[in-house]
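Encoded as structure tokens, the structure appears first; notes follow it.
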Amino acid sequence: MTELLQFDFMRNALVAGILASVVCGIIGPYVVVNRIVFISGGISHASFGGIGLGYLLGINPIWGAVFFSLASAFSIGGVSRWTSLRQDTAIGIMWAIGMALGVVFVGLSPGYAPDLFSYLFGNILTVPFTDVVAMMILAAIIILVVSVLYKEFLAFSFDEEFAVVAGVPVNKLYFLLLGLIALTVVVLIRIVGIILVIALLTIPAAISARFTHNLKKMMILSVLLGMVFTFCGLFLSAVLNLASGATIILVAGTAFLLSLSLKAEQVQSKKT
Amino acid sequence: MDSEQIVKLNEVWVAYEGLVVLEGVNLSVYQNDFLGIMGPNGGGKTTLLKLILGLVHPRTGEIKVFDTTPEKARKFVGYVPQHSRFDFDFPVSVEEVVLMGRYRHSGLFRKYDAKDREITQNALKTVGMWELGRRQIGKLSRGQQQRVLLARALVSEPRLLILDEPTSSVDARMQTGFYELLGELKHKMAIILVSHDVGAVSVHVDKIACLNRKLFYHNSREVTPEELMETYQCPVEMIAHGVPHRVLKTHEDEQ
């Protein structure tokens, strides 16, 4: 019986890890090349409000997180596009308000919030099957949108002003990209948690960028790296009895440092 | 058709947050024009181009491009932005960059097809960058990157080409080559370029305007020393750029 249970949650963990690696690998490169890492950080932290709301309403916190992360993504986008407020100010405000709402909502919910900690720092071993299904749906949306609009996103990311003149609907793409980041954040929450999400979004993409100059190849490499980090982290955390989310990030961070030393000569030649 | 008026600005004023950038600008550009607009940095040159591209809107005054609004006229316009704006570390190849110029012909949800790729190859041949199509854009020299950006503007088959400081970061030899290329293109389309580099512009273009908030233009190469003085404010700077000599010489030639 315990063996079966073991098999079940290991299977969920593996599927969740693969899904997380795929969406990170696809969206992470966009986050990195568009320099919107901290928008992503703001979105992920703000989504904690949705986790709290989920507890309060007695629904799956994942759907609360979907709502909050999308709302915060569009607010940050709206502020940076249509107001003179500084973007990083807007990010900071959304970041803190989302977290604060989450804390208040959790406090108001009856009883004890059992796996709250796992939403903050992730726990790949406790991902329930319903969340795996939710992750599959979100991942499918992300893959579909990016495969259909690849050339639009490329033109928009490389040179937005030219894209406007060339007739690319850049404002719609900008909000769509923020929306995709929001969904990605939600997919990742169960794996590495709200606080560590930006590492999994950026590290695989940052390493890939050092080895290829093609966005598609960068995505494929990022997906593979994400899988390696997730499974190495999962394995190490089990062996060493450490928190899985944090271990995954530390594996990724170590790999990033190694990649710096591996191609140090190229970085030097770039600077000259 | 040759002398068809394609850009018309009538008493256009532009201001950013209370600061006047363009002051009562009148300008007519014709289909066979090769116009160079020069003026100091911060004189409103880029703003004038963005006005024609519909990226900036006038506070007052009227602007027509190809007899319609700048936004609607974009399909006739090729744009080569300022080089310094780019992140050349971006993971994209030369060919992919040029293909972006085909966007309007390809459209939403569609992939670039064989025709788009053929036109891209031809444009890369035109600018002499054909062999470098598969290179990452950042691996090229600045002059080569500038040619790639020109190719990207050309693949949309524009009737008006707009260039913002096209040779500002390019060495003298590449600069001459680039202007020779524009000299060939001017038979197929109107060209407007802006530059703070008076020397380079005044030698290569057919018509010259001076811009420093106000625009001085006589639909010719003619620029009076007084106008240059007013444009550049500081006579010392003019001498440093070798301005009076070159421009006055042209002036005399035409008389």
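These protein sequence lines are chains U and S, in that order. In short: position in the first sequence from 1, add 797, done, that's our numbering. In short: position in the second sequence from 1, add 47, done, that's our numbering. Built from N, CA and C at the ideal position, the CB exists for glycine as well.
Per DSSP, reduced to three states, the secondary structure at residue 143(S) is helical.
The Cβ of residue 193(S) sits no closer than 7 Å to any Cβ of chain U.
Residue nearest to residue 904(U) within the set 1004(U), 834(U), 805(U) and 851(U) is 851(U) (criterion: CA-CA distance). In the three-state reduction of the DSSP assignment, residue 917(U) falls in the helix class.
Residue 841(U) has its alpha-carbon roughly 9 Å from the corresponding atom of residue 993(U). Proximity of residue 113(S) to chain U, defined by a Cβ-Cβ separation below 7 Å, is not satisfied. Residues of chain U with a Cβ closer than 9 Å to the Cβ of residue 222(S) do not exist; the shortest Cβ-Cβ separation is about 22 Å. In the three-state reduction of the DSSP assignment, residue 822(U) falls in the helix class. Secondary structure in the stretch 84-119 of chain S: the alpha helix (DSSP H) runs of 4 residues or longer, each lying completely within the stretch, are 92-100 in chain order. Under the 10 Å beta carbon count, residue 52(S) is surrounded by fewer than 16 other beta carbons and is classified as exposed. In this structure, 1032(U) is the residue among 1032(U), 829(U) and 987(U) with its C-alpha nearest to the C-alpha of residue 1047(U). Just measuring C-alpha positions, the residue of 142(S), 151(S), 129(S) and 136(S) sitting nearest residue 119(S) is 151(S). Identification of residues in the stretch 132-154 of chain S having a C-beta nearer than 9 Å to some C-beta of chain U yields 132, 133, 134, 136, 137, 138, 139, 140, 143, 144, 146, 147, 148, 149, 150, 151, 153 and 154, given in sequence order. The beta carbon of residue 93(S) sits closer than 6 Å to those of 211, all from its chain and outside the five residues before and after it, given in chain order. Taking a beta-carbon distance threshold of 7 Å, residue 100(S) counts as an interface residue toward chain U. Taking 7 Å as the threshold, the shortest C-beta distance from residue 63(S) to chain U does not fall below it.
No Cβ-Cβ contact shorter than 7 Å links residue 978(U) with residue 815(U).
Of the other Cβ atoms in all chains shown, fewer than 16 fall within 10 Å of the Cβ of residue 911(U); this residue is therefore exposed. Residue 833(U) sits in coil when the DSSP states are folded into three classes, being neither helix nor strand. Within 8 Å of the CB of residue 816(U), no CB atom of chain S is found; the nearest one sits about 24 Å away. For residue 156(S), there is no enclosing alpha helix (DSSP H), since its DSSP letter is neither H nor E. Counting only runs of 4+ residues, the alpha helix (DSSP H) found wholly inside the stretch 896-972 of chain U occupies 913-918, 926-945, 947-955 and 957-962, in chain order. Contact between the stretch 133-145 of chain S and the stretch 948-958 of chain U is present, with at least three C-beta pairs closer than 8 Å. For residue 181(S), the closest Cβ of chain U is not nearer than 7 Å.
Remark: C-beta atoms of residue 987(U) and residue 900(U) do not approach each other more closely than 7 Å. For residue 75(S), the enclosing beta strand (DSSP E) starts and ends at 66-77. For residue 121(S), a Cβ of chain U is located within less than 7 Å of the residue's own Cβ. Shown in chain order are the members of the stretch 938-963 of chain U whose Cβ falls below 8 Å from a Cβ of chain S: 945, 946, 948, 949, 951, 952, 954, 955, 956, 958, 959, 960, 961, 962 and 963. Residues of chain U whose Cβ lies closer than 8 Å to the Cβ of residue 128(S) are, in chain order, 956, 958 and 959. Think of a sphere of 8 Å around the beta carbon of residue 92(S): no beta carbon from chain U falls inside it, the nearest being about 15 Å out.
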